[in-house]
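Residue numbers (the working numbering): 23 to 154.
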């Protein structure tokens, strides 16, 4: 995941993939990360200075709050260390759980697009002044 990006620009490393792990057992239950650094050209239409993120929680660990906790931690890192104030999520219209999570976090649908791999996706944006 994102290996070609990292090979072409090693400075992206802090922005890309991270494990979602359990503190107590150190078990990896999913992964989360940004798709690029803030201000990527492909986001210009919806969020010129924003950064897109995505997450996957493995099936056995879903519905336990891990995606929410990891999302907040990742956005807090970007906001506190890099002053990022806009976050973008692109989600399949049929992914009810992810839509519910980002809606609960305050994301608002601003449009849709067709991803060459994932097909039609809703584009959602969150503007923040601070991350909880």
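Where a beta carbon is used, it is the ideal one built from N, C-alpha and C, also for glycine. Just so it is clear, the structure is predicted and the values come from calculations on it, not from any experiment.
Determine the burial state of residue 104: buried for a count of at least 16 other Cβ atoms within 10 Å of its Cβ, exposed for fewer. exposed
Give me, in chain order, the residues of the same chain whose beta-carbon lies closer than 7 Å to that of residue 136; leave out the 5 immediate sequence neighbours on both sides. Shown here for residue 136: same chain residues with a beta carbon closer than 7 Å to its own, the five before and five after excluded, namely 142 in chain order.
Close Cβ partners of residue 80 (< 6 Å) along its chain, the five nearest in sequence each way excluded: 51, 52
Going by the DSSP bridge assignment, what does residue 52 pair with across the sheet? 42, 79
Excluding sequence positions up to five away, which residues of its chain have a Cβ less than 8 Å from the Cβ of residue 113? Excluding positions up to five away in sequence, the list reads 120, 121, 124, 143, 144, 146.
Would you mind working out which of 91, 116, 139 sits nearest residue 42, comparing C-alpha positions? 91
Tell me the DSSP secondary structure of residue 144 in three-state form. Residue state, collapsed to three classes: strand.
On the three-state DSSP scale, how would you describe residue 4? Nothing about residue 4 can be reported from this structure: the residues present for the chain run from 23 to 154 only.
What residue range does the beta strand (DSSP E) around residue 134 cover? 130-137
CA nearest to the CA of residue 87, picked from 37, 102, 127: Residue 87 has its Cα closest to that of 127, out of 37, 102, 127.
If you follow the alpha helix (DSSP H) that residue 108 is part of, which residue opens it and which one closes it? That residue, residue 108, is in no alpha helix (DSSP H); its beta strand (DSSP E) goes 108-113.
Counting C-beta neighbours from all protein chains within 10 Å, is the total for residue 75 16 or more, i.e. buried, or is it exposed? Here residue 75 is buried, its C-beta having at least 16 other C-beta atoms within 10 Å.
Is residue 75 near the ligand HEM, going by C-beta to nearest heavy atom under 6 Å? As far as ligands go, the structure on display features none, and thus does not contain the ligand HEM.
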